[in-house]
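Trainee:
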Amino acid sequence: MRLIIKNGSVVTPAGVQEVDILCDDGRIAALLERNLSVDADETLDAAGAYVFPGFIDPHVHSRDPGLTEKEDFAHSTLGALAGGVTTIIEMPNAVPPVDSVDMLHQRREQHEQVAWVDFGLWGISLGEANLHQLAPMLEAGAAAVKIFWGYALRRDTKQLVYNLDDEPVENLLMPPGNGVVLQIFKEVASVGGVLAAHCEDRDILSVSERALGHPVETYDDLLHARPDTAESTSIAIAAEFSRATGCRFHVVHMASARGVETVRGARRRGIPVTAETCPQYLTLTEDDYARVGPVMKVYPPIRKQEDQDALWAAINDGTIVSIGSDHAPHTVEEKARGFATQPAGAVGCETFGPVMTDALFRDKTTVQRFAEVMSTATAKLYGLYPRKGVIQPGSDADLTIVDPAATRTVRNEDLVAKQPVSPWNGFELAGLPTAVVLRGEIAMRNGKPVGGHRGRYVRAQHGSAPSA
Ligand SMILES: [Zn+2]
420 MRLIIKNGSV
430 VTPAGVQEVD
440 ILCDDGRIAA
450 LLERNLSVDA
460 DETLDAAGAY
470 VFPGFIDPHV
480 HSRDPGLTEK
490 EDFAHSTLGA
500 LAGGVTTIIE
510 MPNAVPPVDS
520 VDMLHQRREQ
530 HEQVAWVDFG
540 LWGISLGEAN
550 LHQLAPMLEA
560 GAAAVKIFWG
570 YALRRDTKQL
580 VYNLDDEPVE
590 NLLMPPGNGV
600 VLQIFKEVAS
610 VGGVLAAHCE
620 DRDILSVSER
630 ALGHPVETYD
640 DLLHARPDTA
650 ESTSIAIAAE
660 FSRATGCRFH
670 VVHMASARGV
680 ETVRGARRRG
690 IPVTAETCPQ
700 YLTLTEDDYA
710 RVGPVMKVYP
720 PIRKQEDQDA
730 LWAAINDGTI
740 VSIGSDHAPH
750 TVEEKARGFA
760 TQPAGAVGCE
770 TFGPVMTDAL
780 FRDKTTVQRF
790 AEVMSTATAK
800 LYGLYPRKGV
810 IQPGSDADLT
820 IVDPAATRTV
830 RNEDLVAKQP
840 VSPWNGFELA
850 GLPTAVVLRG
860 EIAMRNGKPV
870 GGHRGRYVRA
880 QHGSAPSA
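Position 51, counted from 1, in the sequence shown is what our numbering calls 470; the numbers after and before it change by one each time, with no gaps.
The structure is reproduced here in structure tokens:
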């Protein structure tokens, strides 16, 4: 199968080039001068559009298996494809979680049956319980290890427990203390892997929430119950562990200016700490609560304009290397509950591409930097580069075509998600992914899948990849 993409502005490591792309047998065969006549089975005209390396969403919770009333892998990967994504990396905290090499292989086989886009898999750290599975999981191809730092787990299902009062203490595995967390850093460092964490210091959260004196009712309450100091404190501790062990540490879903400043300080001292943020932190602030309502509840919380500005500055100076959706669905019924009682998390893998390209064309960043944080640097971080994340001969022909003139209003009823409740419901977007090429074949046009589900597992390789 030979596909040629003509007339696009192609975003390559050497800059934006006015070239045609020849794909052959799933790979990029050549970047060609315009209008060379070449035999191909199919032509895709990208006139007026940018051709990006396929977007990678490294932060997806598909809830599959175990919580499939909220979402499943077929829906999340189809949504990702509709929004311009070619690869996702699936978070490990389904039920049961991916906590061993055996489970990693099982999960791969299960997801390959239904995947619409290519996918990698995270492994989970459960403290001492699976300390000696972390290095083997990474060597078996897990993209990274995630620790839900400070969260207790249910003893039977290994599910995260958000509120310790919900469960009798004998049913809980309590979160590991810092001594064990330091051991986790050492294990991951031993194979050159990446350790990532939810960074909100649990003790600061519980005392801050108690200090409110009443349940969280208003948006302001939420910000008081989850102060930015909780984020920066966790990052500061992690940076010290990273310095001590040499372990690459990645802050997922960073949301605050204080977090940015702490990561930046560590990087200046040569510590291998990187950060991710998410579309919700880059496009919404507390001021949107009046319009969006309680479905805006995510952890860490969406903060103030100055936090959003600091996150964009961190993208542009390289402190933030990767953007992920943190697609974390709950049922429509759950998200219809009041602000205090509804679970935190929102659907997002489907709007990830469109919300971010809309921000690009609002001049929040450059086309080149956008390609880095949406694809190239993400692929490098998680050991998928140069197979993924770059438009160059030999790489997988994964491409996201973005038309600056395309417009759309986000509507819950149009979403693919099993439980379609988006914080961006009603938002008007301009400049959108309009086509996707997955391993040399057209897989999406105008938001609609073309052909069947043909996503494959991508095994990560650590240690040899250049650092992000
Ligand atoms: Zn998450």
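Built from N, CA and C at the ideal position, the CB exists for glycine as well.
Give me the DSSP bridge partner(s) of K867.
Mentor: Looking at the DSSP assignment, K867 forms a beta bridge with R864.
Trainee: Is D915 a contact residue of ligand 1, with contact defined as CB to any heavy atom under 6 Å?
Mentor: Nothing in the structure corresponds to residue 915, since the chain is present only between 420 and 887.
Trainee: Using 10 angstroms around the beta-carbon of Q532, count the other beta-carbons present and answer buried if the total reaches 16, otherwise exposed.
Mentor: Counting Cβ neighbours within 10 Å, Q532 comes out exposed, since fewer than 16 surround it.
Trainee: Assuming A862 and L500 are in contact, meaning their beta carbons sit under 8 Å apart, how far apart are those beta carbons, in whole angstroms?
Mentor: Correct: roughly 6 Å between the Cβ atoms.
Trainee: Any heavy atom of ligand 1 inside 6 Å of the beta-carbon of D745?
Mentor: True, at least one ligand heavy atom lies under 6 Å from that Cβ.
Trainee: Smallest Cα separation from A676: which of E636, T648, I690?
Mentor: Nearest of E636, T648, I690 to A676, Cα basis: T648.
Trainee: May I ask which residues mark the beginning and end of the beta strand (DSSP E) holding K425?
Mentor: Run containing K425: 421-425, per the beta strand (DSSP E) assignment.
Trainee: For S544, which residues does DSSP report across the bridge?
Mentor: S544 pairs with I566.
Trainee: Roughly how many whole angstroms lie between the Cα atoms of S456 and R806?
Mentor: Going by the C-alpha atoms only, they are around 27 Å apart.
Trainee: What are the boundary residues of the alpha helix (DSSP H) that I739 is part of?
Mentor: From DSSP, I739 is part of no alpha helix (DSSP H) but of the beta strand (DSSP E) over 739-742.
Trainee: Given a threshold of 16 other Cβ atoms within 10 Å of its Cβ, counted over all protein chains shown, does P812 qualify as buried or as exposed?
Mentor: Label assigned to P812: exposed.
Trainee: Below 7 Å between beta carbons: does that hold for G503 and F474?
Mentor: Against a cut-off of 7 Å, the Cβ pair of F474 and G503 comes out as a contact.
Trainee: Have a look at the DSSP bridge pairing and note the partners of G401.
Mentor: The question about residue 401 has no answer, for the chain in this structure spans 420 to 887.
Trainee: Express the C-alpha separation of E725 and V774 in angstroms, rounding to a whole number.
Mentor: Each residue's alpha carbon lies about 20 Å from the other.
Trainee: Suppose you measure from the CA of R526 to the CA of V536; what does that come to, to the nearest Å?
Mentor: Straight-line Cα distance between these residues: approximately 15 Å.
Trainee: I believe V564 touches G612 by the beta-carbon criterion, under 8 Å. Please report the beta-carbon distance rounded to the nearest angstrom.
Mentor: Sure, about 6 Å apart at Cβ, within 8 Å.
Trainee: Quick check: F660 and F604, are their CB atoms within less than 7 Å of each other?
Mentor: Yes, they are a contact pair.
Trainee: Enumerated in chain order, which unbroken segments of the alpha helix (DSSP H) with a length of 4 residues or greater are wholly contained in the region 423-508?
Mentor: Segments of the alpha helix (DSSP H) lying fully in the region 423-508: 492-501.
Trainee: Here's the rule: buried if 16 or more other CB atoms are within 10 angstroms of the residue's CB, otherwise exposed. What is Y469?
Mentor: Burial call: buried.
Trainee: At 3 residues or longer, and completely inside the region 603-630: list those beta strand (DSSP E) runs for me, N to C.
Mentor: Listed in chain order, the complete beta strand (DSSP E) runs (minimum 3 residues) inside the region 603-630 are 613-616.
Trainee: From the beta carbon of V766, is the nearest beta carbon of chain B less than 7 Å away?
Mentor: The question asks about chain B, but that chain is absent: this structure has only one protein chain.
Trainee: Around the Cβ of T826, are there at least 16 other Cβ atoms within 10 angstroms (buried) or fewer (exposed)?
Mentor: It is exposed - the Cβ of T826 has fewer than 16 other Cβ atoms within 10 Å.
Trainee: Quick check: what's the CA-CA separation for L370 versus A513?
Mentor: The question about residue 370 has no answer here: the residues shown for the chain are numbered 420 through 887.
Trainee: If I'm right that E490 touches Q838 with Cβ under 8 Å, what's the distance once you round it to whole angstroms?
Mentor: 6 Å between Cβ atoms; contact.
Trainee: Please list, in chain order, all residues of the same chain as E769 whose beta carbon is under 7 Å from its beta carbon, the five residues on each side excluded.
Mentor: The residues are G498, A499, A501, G502, L834, V835, A836.
Trainee: Suppose only complete runs of 4+ residues qualify. What are the alpha helix (DSSP H) ranges in the region 665-720, listed by chain order?
Mentor: The region 665-720 contains these whole alpha helix (DSSP H) runs: 676-687, 698-702, 708-711.
Trainee: Quick one: grab the DSSP three-state call for F660.
Mentor: Residue state, collapsed to three classes: helix.
Trainee: Since E547 and P595 are thought to touch, with beta carbons under 8 Å apart, how far apart are those beta carbons, to the nearest angstrom?
Mentor: 6 Å between Cβ atoms; contact.
Trainee: In the DSSP output, what is D815 paired with across the bridge?
Mentor: DSSP lists R446 as partners of D815.
Trainee: In angstroms with no decimal places, state the Cα-to-Cα distance between A816 and F758.
Mentor: Taking the straight line from one Cα to the other gives about 44 Å.
Trainee: Measuring alpha carbon to alpha carbon, tell me which residue in Y581, P852, E705 is nearest P842.
Mentor: Out of Y581, P852, E705, E705 has the C-alpha closest to the C-alpha of P842.
Trainee: Cutting at 7 Å between CB atoms, please list the residues of its own chain near P777, excluding the five before and the five after it.
Mentor: Position check: residue 777 holds Asp in this sequence, whereas Pro was assumed. For D777, where only same-chain residues beyond five positions count, the Cβ hits under 7 Å are L848, A849, G850.
Trainee: Apart from the five residues just before and just after G445, which ones in its own chain have a Cβ nearer than 7 Å to its Cβ?
Mentor: Closer than 7 Å at the Cβ level, and outside the excluded window around G445, lie D815, A816, R858, G859.
Trainee: Evaluate D483 with the Cβ neighbour count: other Cβ atoms within 10 Å of its Cβ, from every protein chain shown; 16 or more gives buried, anything less gives exposed.
Mentor: When all chains shown are included, D483 counts as buried.
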